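If you count by my numbering, then the sequence shown holds residues 1 to 240, one letter each, in order. Cβ coordinates follow ideal geometry from the N, Cα and C atoms, glycine included. Treat the numbers as computed from the prediction; the structure is a model and nothing was measured.
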Amino acid sequence: MMNLSRQEEPLYQTLASTIRAELSMYKPGDLLPGELRLAERFDVNRHTVRRALDLLVQEGNIIRIKGKGTQVLTRPLLYPVQATTAYTDQFSAMGHTARAQLLKVYRRAANHDELTQLALAPGSTVLEYRTLRFIDNEPISVMTHFFSSGYETLLQDYKRDSMRQYLKERGCELHRASSVIGARLPTIDEAARLLIPQSAPVLTVTTLSKNQHGHPVELTFSVSRADRFQYQVVLNGEHI
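Structure representation (structure tokens):
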């Protein structure tokens with residue numbers, strides 16, 4: 001029995017801290033005991049247990065799987081946001097197997113934001129490459145790349161894996177100019193591709209990349225699993 005009755009913080013937060021500390025005893029993929037067993041063990045009601053588990057779900061420590069239970073998650077992957085970091089190269093260097101699957105390619109009229117970011121003339125068209133990114137064969141991110149249609153010939157042989165490496169091999173070396181990071185819930189399609197429930201939050205990043213001459217070339221929009229992915233912003237060579 002655990003004495004939780006005289007804590008200054010809410011009861012469910014105290015319980016969440018206790019369960020959080022015990023997660024190190026589990027392997028990724030292990031299931032936690034059910035709510036009833038946890039309630040009996042800590043001598044609290046199931047509502048308190050449920051709120052404590054909700055908090056751990058929001059933090060990305062565990063995930064609820066319908067019909068199965070509450071599963072312990074692996075530690076999130078850390079991706080440094082720097083001018084020269086590239087998704088596939090970064091995780092390959094960390095010992096992970098990284099790959100990208102090309103889903104679709106579109107040609108369409110550019111919207112206002114794309115015209116502005118890519119410095120295109122009004123009425124221009126863009127090429128939209130949609131890819132699904134895997135780390136160790138687990139779907140992690142849905143990424144959409146936008147280019148001026150003037151790059152169609154250069155991109156015609158792209159089929160899979162690192163877009164940045166593909167372009168570098170053809171004399172177009174890209175560097176990150178800016179990134180905007182956000183969070184939201186996934187669409188039905190995104191949730192299905194990332195194998196997560198629609199209630200699970202995702203991280204979004206919009207990135208503008210320029211070539212070695214300083215010209216904007218690529219605008220990307222990525223949607224990544226928040227339970228498996230974290231961004232580390234690096235400024236002046238120091239981790240922030």
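Buried or exposed for residue i, going by 16 or more other Cβ atoms inside 10 Å?
i           : result
residue 73  : buried
residue 226 : buried
residue 190 : buried
residue 84  : exposed
residue 143 : buried
So what's residue i in DSSP terms, helix, strand or just coil?
i           : result
residue 143 : strand
residue 12  : helix
residue 135 : strand
residue 198 : coil
residue 232 : strand
residue 169 : coil
residue 177 : strand
residue 204 : strand
residue 185 : coil
residue 31  : strand
residue 18  : helix
Whose C-beta lies closer than 8 Å to the C-beta of residue i among residues of the same chain, with five residues either side of it excluded?
i           : result
residue 215 : 119
residue 61  : 20, 23, 72, 73
residue 102 : 129, 130, 131, 158, 159, 160
Taking the alpha-carbon positions, what's the residue i to residue j distance?
i           : j           : result
residue 205 : residue 40  : 43 Å
residue 38  : residue 199 : 24 Å
residue 57  : residue 156 : 42 Å
residue 162 : residue 223 : 17 Å
residue 138 : residue 87  : 14 Å
residue 165 : residue 63  : 34 Å
Kindly list the residues whose CB is nearer than 7 Å to the CB of residue i, restricted to its own chain and excluding five residues on each side of it in sequence; keep chain order.
i           : result
residue 196 : 186, 225
Identify, in the order they occur along the chain, each residue of the same chain with its Cβ nearer than 6 Å to the Cβ of residue i, setting aside the five sequence neighbours on each side.
i           : result
residue 146 : 114, 126, 128, 219
(Q) Please give me, in chain order, every unbroken run of the beta strand (DSSP E) with length at least 3 that falls completely inside the region 47 to 133. (A) 62 to 65, 69 to 72, 77 to 81, 98 to 109
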